Amino acid sequence: MSTETPKTPAKKLAAKKPAAKKSTAKATAPVETAERISEVSVATELTVEQAPEVSNISLPAIPLNLMARTSEDFDEPSYGNDNNPSAQAGTPAEAVVSEIADIVYGEIDTVDTGSLPTRRDRLSGEPSGKPEPVAMLTPERVLDAKKKRDKPTEGWNKFVYNVTFHAVNLGDSPQTRHRKALDTSIGRPLTGGTKFVPVLTRKGGVGKTTTTTLLGMAMALVREDRVLAIDANPDRGTLAERFNKTTEKTVRDLVSNAAKILTFNDFSEYVNRDKTRLDVLASDTDPFLSEAFGANDYNIVADLASRYYSVALTDCGTGIIHSVMSATLQRADGLVIVSGGSFDEARLASETLTWLESNGYGELVKNSIVAINTATQGTNLIKLREIEDHFKSRVRETVRVPYDAMLAAGSYIDFKKLKPETQEAARQLASLVVDGL
1 MSTETPKTPA KKLAAKKPAA KKSTAKATAP VETAERISEV SVATELTVEQ
51 APEVSNISLP AIPLNLMART SEDFDEPSYG NDNNPSAQAG TPAEAVVSEI
101 ADIVYGEIDT VDTGSLPTRR DRLSGEPSGK PEPVAMLTPE RVLDAKKKRD
151 KPTEGWNKFV YNVTFHAVNL GDSPQTRHRK ALDTSIGRPL TGGTKFVPVL
201 TRKGGVGKTT TTTLLGMAMA LVREDRVLAI DANPDRGTLA ERFNKTTEKT
251 VRDLVSNAAK ILTFNDFSEY VNRDKTRLDV LASDTDPFLS EAFGANDYNI
301 VADLASRYYS VALTDCGTGI IHSVMSATLQ RADGLVIVSG GSFDEARLAS
351 ETLTWLESNG YGELVKNSIV AINTATQGTN LIKLREIEDH FKSRVRETVR
401 VPYDAMLAAG SYIDFKKLKP ETQEAARQLA SLVVDGL
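FYI, the numbering for the sequence shown is 1 to 437, going by the UniProt record's numbering.
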């Protein structure tokens with residue numbers, strides 16, 4: 001495709017140049033100026049003659065660069081008084097500049113730019129024998145627009161891919177891509193030591209322990225590092241009852257033998273290991289002993305956990321005034337507030353946020369997640385959307401936890417046997433929590 005370069009009048013070029021200074025040159029000056037004009041003219045002719053063969057030079061830039069060099073060559077120094085009007089008139093240097101400009105633009109107008117290779121010619125033909133400038137290396141030239149789909153990993157799309165002997169590749173379904181995106185979010189590496197995430201509320205029976213279990217399982221299934229769930233209920237906690245017990249030891253035993261725990265294997269003797277790879281530290285089964293579990297005890301457990309785990313979830317007890325809660329909040333990197341689906345449960349959860357804000361945890365509240373357990377009584381009598389809108393004005397995000405018969409039983413939970421929508425809610429909650437860490 002031919003490109004014509006517009007011809008710029010020499011008068012405009014001359015007008016842009018500053019007025020020539022007064023010259024009282026010696027007798028030899030005209031001779032030297034003539035020799036310099038001759039050299040520039042020869043160089044200009046060579047440049048114009050080579051222009052059709054150089055495919056990597058932008059033609060409009062040739063006269064501008066040439067005129068910049070030429071004007072610098074012919075600016076003559078001032079030897080006399082600048083106030084002399086006769087020195088400010090047209091000088092020989094300006095006349096030479098105008099003459100060369102007419103010659104250069106006349107020659108460029110006659111250049112056959114159609115002989116320059118196009119981008120298509122460069123892609124299909126032999127590479128240029130001359131070096132290209134970096135401006136020629138453009139994304140459109142280098143990047144391959146045809147992006148190949150990854151082979152499908154499950155479902156109907158994988159079946160079609162296999163029966164057609166890989167001829168038809170539909171890629172993963174939107175559901176599979178969504179699940180993989182959640183996995184990537186949940187499994188992202190965390191830096192800066194162990195992240196502590198309390199799960200709390202001011203009201204019992206809204207699903208706080210169940211939410212801790214779902215969150216921990218969803219994290220442990222995906223993450224490559226270790227996840228721990230601590231039952232920090234100062235009363236009788238029930239977190240360990242959601243798992244198959246692999247040990248009878250409790251958090252009280254861990255505190256009593258803290259000085260003897262030197263390795264992860266030593267710590268592992270005190271936790272229950274779920275098949276999702278979630279470790280659970282149970283509370284005391286004796287309510288009289290569990291009352292002794294306070295802030296100092298929690299700090300001992302947290303210090304030990306920070307040696308071996310990347311994420312430590314804390315199932316807090318009912319209420320927010322006991323001493324364990326203060327130690328828990330001081331270490332918190334994230335926060336999950338659990339609300340039921342009824343009117344009074346939602347109000348108590350919102351009052352929990354208010355208490356936290358008034359006690360110096362305002363930033364923690366802004367970064368927190370509210371899990372709304374829709375399996376509680378009275379959920380079907382209220383507008384869940386209004387409750388969600390209220391909490392979204394105060395926290396980062398909300399997640400609905402749907403009713404599931406396995407969760408309602410209040411006993412052992414097998415994550416893989418939960419309803420798909422329950423698993424999805426747990427994974428969304430885990431993804432949001434990790435995003436905040």
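In this text, a Cβ means the ideal position worked out from N, Cα and C, and glycines have one as well. These numbers come from a predicted model, not from an experiment.
Buried or exposed, going by whether 16 or more other CB atoms sit within 10 Å of the CB of residue 322? buried
How many angstroms separate the CA atom of residue 170 from the CA atom of residue 415? 30 Å
Taking 6 Å as the limit between beta carbons, can you name the residues of its chain near residue 64, skipping five residues before and five after? Confidence in residue 64 is poor, its pLDDT being 48 and thus under 50, which makes the residue's placement unreliable; the coordinate value appears in the next sentence. Hits under 6 Å: none found.
Can you look up residue 426 in the DSSP assignment and give me helix, strand or coil? helix
Would you call residue 211 buried or exposed, if buried means 16 or more other Cβ atoms sit within 10 Å of its Cβ? buried
So residue 186 and residue 222 are supposed to be a Cβ contact under 8 Å. How far apart are they, rounded? 4 Å
DSSP-derived helix/strand/coil call for residue 196: Strand, per DSSP.
Out of 281, 194, 238, point me to the one whose CA is closest to residue 207's CA. 238
Please state the DSSP three-state secondary structure of residue 155. helix
Simplified DSSP state of residue 401, which is helix, strand or coil: Secondary structure at residue 401: strand, using DSSP grouped into helix, strand and coil.
Assuming residue 210 is part of the alpha helix (DSSP H), what are its boundary residues? 208–222
For the alpha helix (DSSP H) containing residue 362, name the first residue and the last one. 362–366
Given residue 388 as reference, the closest of 342, 195, 230, 142 once Cα atoms are compared: 342
Going by CA-CA distance only, name the one from 390, 432, 163, 234 that's closest to residue 350. 390
Please report how far the alpha carbon of residue 421 lies from the alpha carbon of residue 401, in whole angstroms. 8 Å
Are the Cβ atoms of residue 219 and residue 311 separated by less than 8 Å? yes
Please tell me whether residue 215 and residue 426 are closer than 8 Å, where the distance is taken between their beta carbons. yes
Using beta-carbon positions only, say whether residue 199 and residue 314 come within less than 8 Å of one another. yes
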